[in-house]
Every structure is written in C-alpha cells, then in structure tokens.
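Data first, discussion second: the structure below is written as structure tokens.
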Amino acid sequence: MKALGAVPAAFTSYAYYNTDKFHFYGEEMMKHCMAFRDFLDTGIAVAAGSDFSPGPFAPLMGMQGMVTRKGWDGGIWGANQRISVAEALRINTLNGAYNSHEESLKGSITAGKLADFVILADDPHTVDPEKIKDIHIVRTVTGGTTVYQA
3 MKALGAVPAA
13 FTSYAYYNTD
23 KFHFYGEEMM
33 KHCMAFRDFL
43 DTGIAVAAGS
53 DFSPGPFAPL
63 MGMQGMVTRK
73 GWDGGIWGAN
83 QRISVAEALR
93 INTLNGAYNS
103 HEESLKGSIT
113 AGKLADFVIL
123 ADDPHTVDPE
133 KIKDIHIVRT
143 VTGGTTVYQA
C-alpha cells in the first residue's frame with residue numbers, strides 16, 4: 003500500500019460500535035483488523051472512514067474506538083492496534099484531507115485554508131479516553147461560517 007501511495011479509509015467507529023460481532027472473528031484476527039497502529043507504524047497515511055448508513059457516522063466514537071479498542075459492551079479487541087489521541091485526530095483531519103487530495107484546502111486550521119472545523123466542549127487529549135465519544139460539539143464552522151451552534 004505504501005509503495006502505491008494508497009490511503010485506506012477505515013471505518014473508525016467499528017471498534018466501538020460492532021464489538022458484539024468480534025467473537026465471530028476471534029482475537030487472533032482482531033489483532034489485524036482496523037490496523038491503525040500497523041498503518042501508522044509503516045508510514046501509511048490511513049484516513050477516517052464510515053460505513054454510514056449501516057453504521058454510525060460518529061467521528062468522536064471512532065476516535066474513542068481507535069484509542070481504546072474497547073466496545074460498548076466492555077470487550078477489548080485488538081489492543082495491539084491502539085493509537086494515541088493525537089494520532090486519531092490526525093487520521094480524522096490531515097489524513098482525510100490528504101486522502102481526498104484536498105490537503106491544501108482542508109485538514110488543519112491554517113491561513114489560506116477553508117476554515118472548516120468544530121469546537122468541542124472538552125479536550126480529547128485530557129478527558130477519560132472512554133468518554134471521548136460523549137464530548138459535545140459546541141460549534142461547527144464551514145468555510146469560515148458558523149453552521150451549528152449549541
């Protein structure tokens with residue numbers, strides 16, 4: 003994948019949302035599923051993806067799943083694939099923009115870019131990792147214009 007410049011867009015919410023299905027795969031296979039740690043360690047710029055509509059489009063749930071590998075039922079699957087909050091943020095921002103060839107327009111708050119961002123009620127770096135999905139979105143800004151305000 004790296005040699006081809008391929009950027010996987012993995013379903014980040016899967017590790018939290020579909021944990022009830024993981025026993026079908028087994029622990030050994032789960033060590034290689036949603037392989038965020040392996041992608042990053044080998045220099046592959048994995049981006050956040052979604053299986054919406056059969057699965058939720060919930061970036062914060064996805065971040066929590068990537069960081070904890072713990073599902074809604076308390077099960078932990080593929081703990082070897084855990085990543086940091088900073089890495090999960092990058093997967094959702096810069097890597098997503100890179101995946102769509104829009105890194106000159108999106109992915110970071112930088113002069114000259116579109117100013118697409120959210121303001122969160124808490125810092126994902128400092129909250130309990132098992133509470134990341136519960137962080138409230140205070141404001142959404144698209145193209146420099148507020149499109150949602152709590």
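Take the sequence shown: its position 10, counting from 1, is numbered 12 in this note's numbering, and each next residue is one higher. Note that the Cβ used here is the ideal one computed from N, Cα and C, for glycine as well.
Cross-strand partners of residue i (DSSP beta bridge)
| i | result |
| --- | --- |
| Lys72 | Ile78 |
| Gln151 | Arg141 |
| Gly51 | Phe13 |
DSSP state of residue i mapped onto helix, strand, coil
| i | result |
| --- | --- |
| Ala88 | helix |
| Leu122 | strand |
| Ala99 | helix |
| His127 | coil |
| Pro61 | helix |
| His34 | coil |
| Lys133 | helix |
| Asn20 | coil |
Cα-Cα separation between residue i and residue j, rounded to whole angstroms
| i | j | result |
| --- | --- | --- |
| Ala123 | Phe59 | 19 Å |
| Gly28 | Thr21 | 11 Å |
| Gly64 | Ala17 | 7 Å |
| Phe13 | Ala50 | 6 Å |
Beta-carbon proximity list for residue i, same chain, < 7 Å, skipping 5 on both sides
| i | result |
| --- | --- |
| Thr112 | none |
| Val129 | Ile137 |
C-beta atoms of residue i and residue j nearer than 8 Å
| i | j | result |
| --- | --- | --- |
| Ala117 | Gly146 | yes |
| Ser52 | Ser15 | yes |
| Arg84 | Val69 | yes |
| Ala47 | Val9 | yes |
| Lys135 | Gln66 | yes |
Sequence-distant residues of its chain with Cβ nearer than 8 Å to residue i (five each side left out)
| i | result |
| --- | --- |
| Ser86 | Val69 |
| Glu105 | Leu96, Ala99 |
| Asp75 | Thr21, Asp22 |
Proximal residues to residue i (C-beta, below 6 Å), its chain only, five neighbours per side dropped
| i | result |
| --- | --- |
| Ile121 | Val140, Arg141 |
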